[in-house]
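Its first residue numbered 1, the sequence shown is counted upward by one per residue in UniProt numbering.
Idealized CB from N, CA, C, for every residue including glycine.
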Amino acid sequence: MKKIKVYKIAFFLFFVNVMYGVASPVIPIKREGDALEKVSKRIYQDAKVERNVEVRLTNKYGKINVIAWDRDSIKLTVDIYAVAKSKDEAEKILQRVQIQPVFDEKYFILTTEIIEKQGSGAVSQLIDNILDKSKEVIDKSNVEINITILLPETAKLILNNKYGDISFERNFKGSLQLTLAYGNVQANELPPLSTLNLLSSKAFISNFKSGRIAVKFGELNLRNVDRLYLESSSSMVNINEIKDLDMDSRNDELDIANAFSITGKTSFSKISIQEMRQKARLEMQAGSFKVRTLRSSFEWLDIQSKSTDIRIIPEENLAYQLDITGNPSEVVKGNANQSKPNNDTKNNASSLLNSLMNNRSNNPLNSYSPQTNLSNNSGNRGSRVIKIHANGGQVVVR
């Protein structure tokens with residue numbers, strides 16, 4: 001009986017260990033001096049299509065290069081590479097990568113498929129895994145799949161890539177839906193109404209006409225933007241110039257050189273604007289909002305904030321109206337630095353106003369009282385308004 005129990009326990013431990021190996025295979029580490037064999041194959045496909053053809057490309061472990069041209073045809077090239085310790089093993093890995101375009105005049109569909117391990121059951125899969133190393137999981141360490149496609153410049157393009165880059169060699173003028181995970185996207189110009197979904201990826205785009213970009217745990221670099229709806233989380237966003245930005249930002253860092261119009265909501269995000277030129281309406285929770293230069297062309301700023309540090313520097317000799325309400329922790333205006341007054345606004349607002357009026361010749365800039373609107377009197381009051389409702393956080397306007 002004892003021997004039987006020992007055998008059962010030994011078999012159980014062996015089975016668990018092997019099963020764990022199947023679930024989480026360990027890819028051999030290449031030691032210095034180890035030689036790896038590399039094999040490859042190339043796939044070509046030409047197709048006659050309509051100029052507004054819908055093109056769907058789904059890939060992983062490689063690049064997608066898009067070249068737009070003024071023709072009613074598609075030219076596709078796919079290069080597949082596989083590496084292993086022996087040429088035979090590399091060939092078997094290569095055979096498990098299946099790519100077969102499906103198309104007619106209106107559609108062109110290409111999907112990269114990785115054939116899973118063969119076998120009728122768990123036991124045969126275990127045997128395959130032990131006897132045939134080419135049955136190991138295929139990933140970016142042993143396979144690379146690169147796609148180059150020339151397509152009509154007015155096509156409807158849907159791209160999905162994982163563990164690889166996407167690039168546009170020429171200006172594409174059609175419609176674009178792009179999804180990228182763990183890679184980079186690079187383009188000189190993307191068409192209007194483009195949609196980009198980025199996960200742990202970086203984007204470098206010179207000209208973005210209009211559209212939506214969602215980015216998580218990534219980096220977004222835009223040079224010139226007309227209109228953008230941005231959904232971002234835990235990302236870095238760098239914009240040289242933007243005319244119209246609507247955003248939903250969480251735990252991001254946004255650095256904008258020139259902004260004309262900004263609206264949206266932020267949470268735990270830091271926003272830095274070198275030059276603010278027209279208007280902004282933001283709801284902010286935690287984080288910070290900094291405008292290094294508020295230009296004379298600006299119309300209004302409307303900031304609703306909680307526990308957010310706000311710093312705005314208007315252009316020199318700029319006339320504007322300033323309304324600060326709520327309960328900020330500290331307000332700094334001009335050379336004045338006032339700690340937060342108590343919340344009894346009815347009793348102290350009058351004395352603060354009298355003090356301001358009596359000292360107007362020495363301090364022409366407006367001061368602060370909670371729930372009381374005071375105006376900059378350095379010039380004529382016009383449409384230029386800075387309105388801040390803050391609960392917590394430091395407010396600096398000077």
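Applying the criterion that 16 or more other CB atoms from any shown protein chain within 10 Å of the CB defines a buried residue, is residue i buried or exposed?
i	result
N161	buried
I386	buried
R384	buried
K60	buried
I145	buried
V397	buried
K48	exposed
K87	exposed
S249	buried
I need the straight-line Cα distance from residue i to residue j, nearest angstrom please.
i	j	result
S267	L110	40 Å
V97	K75	21 Å
E231	A203	14 Å
I115	Q95	8 Å
G393	N221	29 Å
R277	L294	7 Å
L193	I239	18 Å
Y81	S206	32 Å
In the DSSP output, which residue or residues are listed as bridge partners for residue i?
i	result
I138	For I138, which the question treats as bridged, DSSP gives no partner whatsoever.
Q45	L76
D226	D226 is not bridged to any residue.
Q304	E283 and H389
Q321	V385
With DSSP run on the structure shown, which of helix, strand or coil describes residue i?
i	result
Q186	strand
D252	coil
I166	strand
L94	helix
K85	coil
L151	strand
S124	With a pLDDT of 49 at S124, under the threshold of 50, the predicted position of this residue should be treated as unreliable, though the coordinate-derived value follows. Helix.
Y107	strand
I158	strand
Whose C-beta lies closer than 6 Å to the C-beta of residue i among residues of the same chain, with five residues either side of it excluded?
i	result
Y229	R212 and D246
I130	The predicted position of I130 is uncertain, since its pLDDT is 46 and thus under 50; no value can be drawn from it.
S296	E315 and L318
Does any C-beta atom of chain C lie closer than 7 Å to the C-beta of residue i?
i	result
V332	Protein chain content of the structure displayed is limited to a single chain, and chain C is not contained in it.
At a threshold of 6 Å, does residue i count as lining the ligand MG (C-beta to nearest heavy atom)?
i	result
S141	Looking at this structure, you won't find the ligand MG or any other ligand, since it has none at all.
Please go through the same chain and pick out, in chain order, the residues whose beta-carbon is closer than 8 Å to the beta-carbon of residue i, but skip the five residues on each side of it.
i	result
K156	N52, V53, E54, V55, G174 and S175
Can you give me the Cβ contacts of residue i inside the same chain, cut-off strictly under 7 Å, excluding the 5 residues immediately before and after it?
i	result
R227	S210, K243 and D244
E32	Note that E32 scores 47 on pLDDT, short of 50, meaning its location in the model is unreliable; the coordinates nonetheless yield the value given after this. Closer than 7 Å at Cβ, skipping near neighbours: no residue.
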